[in-house]
Structure formats: structure tokens, C-alpha cells
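Inspection log for the structure reproduced underneath, given as C-alpha cells.
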Amino acid sequence: MDKILIRGLKVRTIVGILPWERKIPQLLLLDVDLATDIRAAADSEDISQTVDYSAVAERLTRFIQESQFLLIETLAERCAALILEEFGVPEVRFLVSKPEAVPATDTVCIEITRSRHA
């Protein structure tokens, strides 16, 4: 299975359980792997034959900015479900990084893999 990879998508949103996190939008970094077969699109050079990664990035950004989450675990699950449902990929790997979560670390991440069959 081929994959389309989105790396380092930057989104600011309200996320977290601490009082200050409920007031100040925080930066999240997203990595998304979309399982798909790209051969038909490669042969035809027709974007409708593949997953439009720009549309995925725009949809995720809009969804996250319009939402508020207590946990990045919840955010990851909801985003993975949205991608599976709206873009019809058989499998998605979704990694969300919260760089401002823990002092003295580069980032804290949650990574999940979900499929349409599980």
C-alpha cells in the first residue's frame, strides 16, 4: 500500500486540562500518513484519483481550530475518525505533538493508527 505523508502541519487551538491551557491557544504539530493506492492518479495525473493532501490539511486545520479538547488523545482519535470517514482511506496514522506541554522537553506526542476495518 502506498502512503501520502503530511509532516509538521501547524495548528493553534485550545487544548489541555490546566486553567491556562483553557484560555490560550497552543501550537500543535501534526504528522499524518494516509494509506492509499496512488497508481491510478500517477497514470492519469488526475487529482480525483487520489487523496488531495491539501484538502486533508485544510479540513484538519479547520476541524481542530473550531474544536476544543481536554486531551490530545481525544483530538487524535477524532481526527483519525474524520480522515477515515471523509477521505475514504483504508488506514491512517496520526501523530499530534504538543511542544509546549512539558518544560525542558522538545515535545510530547500521541501517535495512533486506525483503519476502516478496526
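Numbering (the UniProt record's numbering), first residue to last: 1 to 118. C-beta atoms are modelled at their ideal positions from N, C-alpha and C, and glycine is treated no differently.
- Query: Quick one: what's got a C-beta closer than 8 Å to L5's C-beta in the same chain, skipping five residues either side?
  - Reply: D31, V32, D33 and L34
- Could you tell me the boundaries of the beta strand (DSSP E) in which S97 lies? Start and end: E91 to K98.
- Buried or exposed for A80, please, with buried defined as at least 16 other CB atoms from any protein chain shown within 10 angstroms of its CB. Classification for A80: buried.
- Consult DSSP for E66 and reduce its assignment to one of helix, strand or coil. coil
- Tell me whether T50 sits in a helix, a strand or coil according to DSSP, three-state version. coil
- Just checking, does the region 48 to 56 make contact with the region 74 to 92 on the three C-beta pairs under 8 Å criterion? Yes: at least three Cβ pairs fall under 8 Å.
- Query: Can the beta-carbon of E100 be found less than 8 Å from the beta-carbon of L27?
  - Reply: yes
- Query: S48 to A104, Cα distance in whole Å?
  - Reply: Distance from the CA atom of S48 to the CA atom of A104, rounded to whole angstroms, is 44 Å.
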